[in-house]
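Chemist:
In mature numbering (1 follows the signal peptide of the UniProt record, and there is no 0), the protein residues as written are -26 to -1, 1 to 248.
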């Protein structure tokens, strides 16, 4: 009971951390308009840029995790901030474009996972700071404080989230959230890559069911996301101890999304196991 009371208090504290008003210095007026791609970049530009940067995401996540066109008309005098020169949707001949990375040292699908890694996202946010400062050098101090606030909120949410998640067992069947779940403080088990290869082909149902039964025997949760193979999502659809995590929202702070993930996991654990 004491553990439950403690974790209930921590969930309330987590809510306060996420929804506290911004402490970054107030600045009035818009200084730049930015189109960002992919949506992961838009989320970071919106936070680091704050209210002085008008941000338009070129794409958004559909419910199934695919990208759908969001921007219908290009804003006048807008800068483009893209992850790499290879991003889809970059207008040919666009001159006011800046890249977070000139190239990625790994396959693109790996970046999609790193966006959900709390240890990596701060570095990407620092690259956003550099690019916004190139657009408006006089605002460096402001952007720096916004970045510091992002890091502070991220550290706080992660710290409290780990307290909440401590002692939980999670079978990780996610498509992109491996690093996020590892950072949660829960004990995680992720099947090997060859299992996921089988499941993407619609094969290996017996092995999948063995993992699920093991998780249930451990009193744990089975966690997938919208990027998990269809076989996994279908198998978990009627399982009480299973959770299908959604995509982020382009207009939502990343720390709010992280907070919601932690609470969703903890609330499901309480509902299933008491």
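We treat Cβ as the ideally placed atom computed from N, Cα and C, and that holds for glycine. Since this is a predicted model, take the numbers as computed values, not measurements.
Going straight from the alpha carbon of residue 18 to that of residue 225, what length do you get?
Modeler: 10 Å
Chemist: Measure the alpha-carbon distance for residue 104 versus residue 206 and round it to whole angstroms.
Modeler: 40 Å
Chemist: Pairing CB atoms from the segment 196 to 203 with CB atoms from the segment 215 to 223, are three or more of them under 8 Å?
Modeler: yes
Chemist: How would you call residue 202, buried or exposed, if buried means at least 16 neighbouring beta carbons within 10 angstroms?
Modeler: buried
Chemist: Over the uninterrupted alpha helix (DSSP H) stretch that includes residue 206, give me the two end residues.
Modeler: First-last of the alpha helix (DSSP H) with residue 206: 204 to 210.
Chemist: Please specify which runs of the beta strand (DSSP E), each continuous and at least 3 residues long, are wholly inside the segment 51 to 110, giving them in chain order.
Modeler: Counting whole runs of 3 or more residues, the segment 51 to 110 contains the beta strand (DSSP E) stretches 53 to 56, 71 to 73.
Chemist: So, for residue 118: in the same chain, excluding its five sequence neighbours on each side, which residues have a beta-carbon less than 8 Å away from its beta-carbon?
Modeler: 103
Chemist: First and last residue of the beta strand (DSSP E) that includes residue 38?
Modeler: Run containing residue 38: none; DSSP gives neither H nor E here.
Chemist: Would you mind working out which of 121, 175, 150 sits nearest residue 40, comparing C-alpha positions?
Modeler: Answer by Cα proximity: 150.
Chemist: So, is residue 91 buried or exposed, given that buried needs 16 or more other C-beta atoms within 10 angstroms?
Modeler: Counting Cβ neighbours within 10 Å, residue 91 comes out buried, since at least 16 surround it.
Chemist: Whether or not the segment 29 to 47 and the segment 125 to 145 are in contact is what I'm after, with contact meaning three or more pairs of Cβ atoms, one per stretch, closer than 8 Å; do they touch?
Modeler: no
Chemist: Starting from residue 11, trace the beta strand (DSSP E) both ways and give me its first and last residue.
Modeler: 6 to 11
Chemist: Can you check which of these residues, 74, 8, 62, is closest to residue 50 by C-alpha distance?
Modeler: 8
Chemist: For the alpha helix (DSSP H) that contains residue 134, what are its first and last residues?
Modeler: From DSSP, the alpha helix (DSSP H) with residue 134 extends over 114 to 139.
Chemist: Should residue 62 be labelled buried (16 or more other beta-carbon atoms within 10 Å of its own) or exposed?
Modeler: exposed
Chemist: With a 10 Å radius around its C-beta and 16 neighbouring C-beta atoms as the bar for buried, classify residue 239 as buried or exposed.
Modeler: buried
Chemist: Leaving out the 5 sequence neighbours to the left and right, which residues in its chain are closer than 7 Å to residue 152 when beta-carbon positions are compared?
Modeler: 87, 146, 164
Chemist: Using 10 angstroms around the beta-carbon of residue 56, count the other beta-carbons present and answer buried if the total reaches 16, otherwise exposed.
Modeler: buried
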